[in-house]
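Here the structure is laid out as structure tokens; the discussion comes afterwards.
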Amino acid sequence: MLTVRDNSNPADLHLILSGLSDVTSVNYHEITPALLTERKPDLVISMAFTAEFDCLDLAMILQASGYAGCYRAIAAGLPVPAMVINEVTSLCPALDFDIIDAAPQSAEYIN
405 MLTVRDNSNP ADLHLILSGL SDVTSVNYHE ITPALLTERK PDLVISMAFT
455 AEFDCLDLAM ILQASGYAGC YRAIAAGLPV PAMVINEVTS LCPALDFDII
505 DAAPQSAEYI N
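Residue numbering for the sequence shown follows my numbering, starting at 405 and increasing by one per position.
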């Protein structure tokens, strides 16, 4: 797994994914074809929106770098995730893209 973080908030994904093994974490500006070839991630994950980039920016770099795997973006309570998903998949059809909703669940839905 390759996590892509925002330089202004380097701990965001580290906190979410702490405890997982085989995770490489890089800054957005470190994504290159060489890095993707070397690491061969089966999954790329990032926050959907950061101060430095958004999921479309990253998706376009991933696709231009030859990555054709899974990319998941984490967002909390995005009002219409399908709009973002449709935009990313239409511009980056080589990627398997989806959004992970990290919004806290209401107590009424918890059993």
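For every residue, glycine included, the Cβ atom is placed at its ideal position computed from N, Cα and C.
Determine the burial state of residue i: buried for a count of at least 16 other Cβ atoms within 10 Å of its Cβ, exposed for fewer.
i: asparagine 515; result: Reliability of the predicted coordinates at asparagine 515 is poor, the pLDDT of 48 falling under 50, and no value is obtained from them.
i: alanine 452; result: buried
i: arginine 443; result: exposed
i: alanine 506; result: exposed
i: isoleucine 517; result: Because the chain here runs from 405 to 515, residue 517 falls outside it and cannot be looked at.
i: threonine 441; result: exposed
i: alanine 477; result: buried
i: threonine 407; result: buried
Which of the three DSSP states is assigned to residue i in this structure?
i: cysteine 459; result: helix
i: methionine 451; result: strand
i: tyrosine 432; result: helix
i: valine 427; result: coil
Rounding to the nearest angstrom, what Cα-Cα distance links residue i and residue j in this structure?
i: leucine 439; j: leucine 466; result: 11 Å
i: serine 469; j: glutamate 434; result: 12 Å
i: glutamate 456; j: alanine 479; result: 15 Å
Going by alpha carbons, who is nearest to residue i out of the options?
i: aspartate 500; options: Pro483, Met464 and Leu482; result: Met464
i: leucine 447; options: Gly473, Ala498, Glu491 and Ile478; result: Gly473
How far does the alpha helix (DSSP H) with residue i in it reach, from first residue to last?
i: alanine 507; result: No alpha helix (DSSP H) holds alanine 507; DSSP gives it neither H nor E.
i: alanine 438; result: 437-443
i: valine 484; result: Neither: valine 484 is in no alpha helix (DSSP H) and is coded neither H nor E.
Which stretch, first to last residue, makes up the beta strand (DSSP E) that contains residue i?
i: cysteine 474; result: 474-479
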